[in-house]
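Residue numbers (the working numbering): 13 to 139.
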């Protein structure tokens with residue numbers, strides 16, 4: 013189907029609207045399903061539709077699925093930092109202070125992981 017660009021004058025955003033040629037639409041077997049009340053099909057296109065399409069294409073890749081799986085783990089760690097360890101706001105000033113706070117929080121998280129891997133030894137009771 014052949015389309016030509018028709019600028020929408022009434023549209024405040026001035027997004028382009030593509031319209032099929034009337035004779036092309038009339039000859040199409042799907043015309044009654046596609047545009048029963050219009051002479052030709054009009055398709056509005058948003059300004060950033062190209063960027064959206066690139067994002068949709070990236071979301072279909074295998075690497076994206078792997079990235080989302082890894083991101084889920086990282087997001088959970090940051091949520092734990094903010095909620096449980098109280099790192100929603102930094103208390104020390106400057107980049108060095110922020111770095112120190114993050115290092116302490118990361119150390120605390122790593123110690124928690126280590127404690128799960130190596131459980132504490134059981135103490136024997138003397139009766």
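Beta carbons: idealized from backbone N, C-alpha and C, even for Gly.
- Task: Helix, strand or coil for residue 96, going by three-state DSSP, please let me know.
- Result: Of the three classes helix, strand and coil, the one that applies to residue 96 here is coil, per DSSP.
- Query: Of all the options 97, 125, 127, 124, which has the alpha carbon lying nearest to the alpha carbon of residue 113?
  - Reply: It is 97.
- Message: Quick check on DSSP: helix, strand or coil for residue 130?
- Response: In the three-state scheme derived from DSSP, where H, G and I count as helix and E and B as strand, residue 130 is classed as coil.
- For residue 57 versus residue 36, is the C-beta distance shorter than 9 angstroms? Cβ distance not < 9 angstroms, so residue 57 and residue 36 don't count as in contact.
- Quick one: Cα of residue 60 to Cα of residue 69, how far? A straight-line Cα-Cα distance of about 15 angstroms links residue 60 and residue 69.
- Would you mind giving the Cβ-Cβ distance between residue 92 and residue 65, rounded to the nearest angstrom? I have them listed as a contact below 8 angstroms. Taking the Cβ atoms as the reference, residue 92 lies roughly 36 angstroms from residue 65, outside the contact range of under 8 angstroms.
- Task: In angstroms with no decimal places, state the Cα-to-Cα distance between residue 21 and residue 27.
- Result: Residue placement at residue 21 is poorly supported in this model, since its pLDDT is 46, which falls under 50; the coordinates still yield a value, given next. Answer to the nearest angstrom: the Cα atoms are 9 angstroms apart.
- Message: By the three-class DSSP mapping on this structure, what secondary structure does residue 29 have?
- Response: Residue state, collapsed to three classes: strand.
- Going by the CB atoms, is the gap between residue 51 and residue 34 shorter than 9 angstroms? Pairing residue 34 with residue 51 gives a Cβ-Cβ distance under 9 angstroms.
- Identify which residue in 90, 107, 31 has its Cα closest to the Cα of residue 99. Checked all of 90, 107, 31; the closest Cα to residue 99 is 90.
- Item | Element boundaries [alpha helix (DSSP H), containing residue 2] | With the chain covering only 13 through 139, there is no way to say anything about residue 2.
- Alpha-carbon spacing of residue 71 relative to residue 79, whole angstroms: Approximately 10 angstroms, taken between the alpha carbons.
- Task: Please work out which residues of its chain come closer than 7 angstroms, Cβ to Cβ, to residue 101, disregarding the five sequence neighbours upstream and downstream, and give them in chain order.
- Result: Hits under 7 angstroms: none found.
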